């Protein structure tokens with residue numbers, strides 16, 4: 001109880017000393033490293049030798065380890081991958097590499113004032129604009145603290161609805177498969193652990209995370225970890241936070257269905273020695 005009280009006191013003190021952030025033209029930039037691990041023990045059905053597994057893991061490193069930049073103000077943010085040259089020999093062949101090349105994530109925008117979320121995505125050269133509401137999180141405060149760089153951070157735990165394709169297995173999620181007997185309203189969730197700092201009292205965070213009294217600096221979601229490595233407050237040259245506008249407008253659910261269909265088509269073509277779905281005709 002005493003520890004909780006001390007942490008609450010620290011929280012109040014940090015918030016009070018951070019009022020300068022609420023200036024009219026305030027802007028910040030946070031750099032995040034995102035890393036996703038794969039269960040290599042069961043990779044390839046457990047029949048693959050260690051040398052082959054290590055070679056595949058090395059090729060997939062660029063796909064599973066990325067750097068992002070979050071540019072934010074009091075109510076808006078844009079989260080985009082940092083551009084970098086592809087290292088020679090990365091990527092390789094195989095189904096997962098083709099997935100990475102043909103399912104491309106774009107910039108993510110969220111507005112915590114009007115609760116909107118926008119993201120540009122590309123599937124086999126066709127551009128989509130996902131437009132939906134930002135997810136609601138019921139955060140549980142634990143009272144735990146730790147230091148990330150120069151910032152005192154507090155731990156919170158929540159749940160997040162899983163969207164899209166499972167990065168670890170590159171297959172449709174169970175709720176997308178016909179043999180599952182999920183009801184129409186049931187959705188799979190994953191536990192999320194975050195660390196946020198009230199020293200930067202904005203309700204922002206990487207990707208679609210938000211809803212805490214401070215910037216989220218670290219996220220642990222399943223096999224994915226997102227960690228902030230650098231923060232620049234009120235940079236001399238401020239970037240415009242542009243609202244994404246390119247692509248056919250769809251909801252998250254609609255985009256998930258499109259992705260699932262294209263992935264299965266690509267899987268069938270890959271088995272036949274091709275690999276690219278044809279044309280994208282019909283309603284797509």
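Numbering (the UniProt record's numbering), first residue to last: 1 to 284. The beta carbon of each residue, even a glycine, is placed where N, CA and C say it ideally should be. Computed from a predicted structure; not experimentally measured.
Within the DSSP bridge table, the entry for residue 121 names 105 and 128 as partners. The Cβ atoms of residue 156 and residue 123 do not sit closer than 8 Å to each other. Straight across, the Cα-Cα distance linking residue 127 with residue 206 is about 23 Å. The beta carbon of residue 252 lies closer than 6 Å to those of 130, 132 and 163 in the same chain, with the five residues before and after it left out.
Residue 137 is not bridged by DSSP to any residue. Taken through DSSP and simplified to helix, strand or coil, residue 61 comes out as helix. Contact check for residue 230 and residue 109: beta-carbon distance about 21 Å, past the 8 Å limit, so the pair fails to qualify. For residue 248, the secondary structure class from DSSP, reduced to helix, strand or coil, is strand. Between residue 79 and residue 111, the C-beta spacing is not below 8 Å. Residue 268 and residue 199 have their alpha carbons spaced roughly 51 Å apart. For the 8 Å CB-CB criterion, residue 160 and residue 257 do not form a contact. Around residue 142, the same chain offers 155 as residues with beta carbons nearer than 6 Å, after the five sequence neighbours per side are excluded. Burial is judged here by how many other beta carbons sit within 10 angstroms of a residue's own beta carbon; residue 272 has fewer than 16 and is exposed.
Nearest in C-alpha terms to residue 262, of all of 103, 28, 49 and 74, is 103. Ranked by Cα distance from residue 72, the options 52, 234, 36 and 27 are led by 27. Here residue 201 is not near residue 119, since their CB atoms are 8 Å or more apart.
Comparing alpha carbon positions, the residue from 218, 265, 266 and 249 closest to residue 146 is 218. Taking the Cα of residue 59 as reference, the smallest distance to any Cα among 76, 38, 75 and 68 is reached at 38.
Per DSSP, the unbroken beta strand (DSSP E) holding residue 155 starts and ends at 151–161. For residue 222, there is no enclosing beta strand (DSSP E), as DSSP gives it neither H nor E. For residue 75, the secondary structure class from DSSP, reduced to helix, strand or coil, is coil. Residue 226 is a Cβ neighbour of residue 34, given a cutoff of 8 Å. Nearest neighbour of residue 70 by Cα position, chosen from 264, 255 and 239, turns out to be 239. In this structure, the straight-line span from the alpha carbon of residue 52 to that of residue 259 is close to 28 Å. Residue pairing by DSSP puts residue 32 in a beta bridge opposite 68 and 228. Distance check between residue 140 and each of 191, 54, 250 and 66 places 191 closest, using alpha-carbon atoms only.
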